[in-house]
Amino acid sequence: MGGASFWTDERTAELRRLWVEEKLSGAEIAKRMGLAHRNAIMGKVHRLGLTRGRNGEAGADATDAVAAAAPKAPKKRSGASDAIPPETAPVSAPEPAATEPKRGSREERAGDAHLLHPVLQLKERHCRWPIGDPQLPGFRFCCGERTAGTPYCRAHADEAYQTPEQKAARSAARRKAA
């Protein structure tokens, strides 16, 4: 029942009425329309661009909600002096932690440090195993030679595609080594 044929003009109009006028939740609308889950309702609401805005107001634009949520500059108190504030020491951001693989780590065993590349330097034949934190500048990929049929080199394919028994055995071995 999730195909395009479900959303007739009548059902779409009913969805609009229940969402905007009656302000029902996605789950309540799904129940009324005979759907097992609210996901179809929420997807259609999103595709139609239906919003309720803040406090359930019908028809409020999403940009209004964003503007209302944006922090506002503090108001200047009347009579506040225009004195120059005391100097403060500049605050610098902490240096990000190095993302090079630790000695003896899985990443190091899987490939040498010279095989680590940023995403824009990846070629079709390179391993896509991520190394490091994607939020930090040193984020890289393994870039070893890919194994046919997988996006990873042999070592990372072995790591990625494990049976539950293999995974349990590796975890036990790591706990013993630690």
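Going by the working numbering, the first residue of the sequence shown is number 1251, and it counts up by one from there. Ideal Cβ placement from N, Cα and C applies to all residues, glycine included.
Pull up the DSSP beta-bridge partners for residue i, would you.
{"i": "R1390", "result": "I1381"}
{"i": "E1395", "result": "H1376"}
Count the other CB atoms within 10 Å of the CB of residue i; is the residue buried (16 or more) or exposed (fewer)?
{"i": "T1301", "result": "buried"}
{"i": "G1309", "result": "Residue confidence is low: G1309 scores 47 on pLDDT, short of 50, so the model does not pin down where it sits. Its coordinate-derived value is still stated next. Counting Cβ neighbours within 10 Å, G1309 comes out exposed, since fewer than 16 surround it."}
{"i": "G1299", "result": "exposed"}
{"i": "A1348", "result": "In this prediction, A1348 has a pLDDT of 45, which is less than 50 and means its spatial position is unreliable; what the coordinates show is noted afterwards. With fewer than 16 Cβ atoms within 10 Å of its Cβ, A1348 is classed as exposed."}
{"i": "G1394", "result": "buried"}
{"i": "G1382", "result": "buried"}
{"i": "K1373", "result": "exposed"}
{"i": "K1426", "result": "exposed"}
{"i": "G1306", "result": "Note that G1306 has pLDDT 48, beneath the 50 cutoff, so the model's placement of it is unreliable and no number is given."}
{"i": "H1376", "result": "buried"}
{"i": "K1273", "result": "exposed"}
Rank the options by C-alpha distance to the C-alpha of residue i and give the top, closest one.
{"i": "H1406", "options": "R1396, T1413, P1414", "result": "R1396"}
{"i": "R1390", "options": "R1424, Q1371, A1398, E1264", "result": "Q1371"}
{"i": "C1403", "options": "P1384, H1287, W1379", "result": "W1379"}
{"i": "R1297", "options": "E1272, L1265, K1373", "result": "L1265"}
Compute every distance between the C-beta of residue i and the non-hydrogen atoms of the ligand SAH, then say whether any falls below 7 Å.
{"i": "E1278", "result": "You won't find the ligand SAH in this model; it holds no ligand whatsoever."}
Is the beta carbon of residue i less than 8 Å from the beta carbon of residue j?
{"i": "R1261", "j": "M1292", "result": "no"}
{"i": "A1217", "j": "A1290", "result": "One cannot answer for residue 1217 here, as it falls past the ends of the chain, which runs 1251 to 1428."}
{"i": "V1295", "j": "W1257", "result": "no"}
Which two residues bound the contiguous alpha helix (DSSP H) that contains residue i?
{"i": "G1293", "result": "1289-1298"}
{"i": "L1265", "result": "1259-1266"}
{"i": "Q1416", "result": "1414-1427"}
{"i": "K1281", "result": "1276-1283"}
{"i": "R1404", "result": "1404-1410"}
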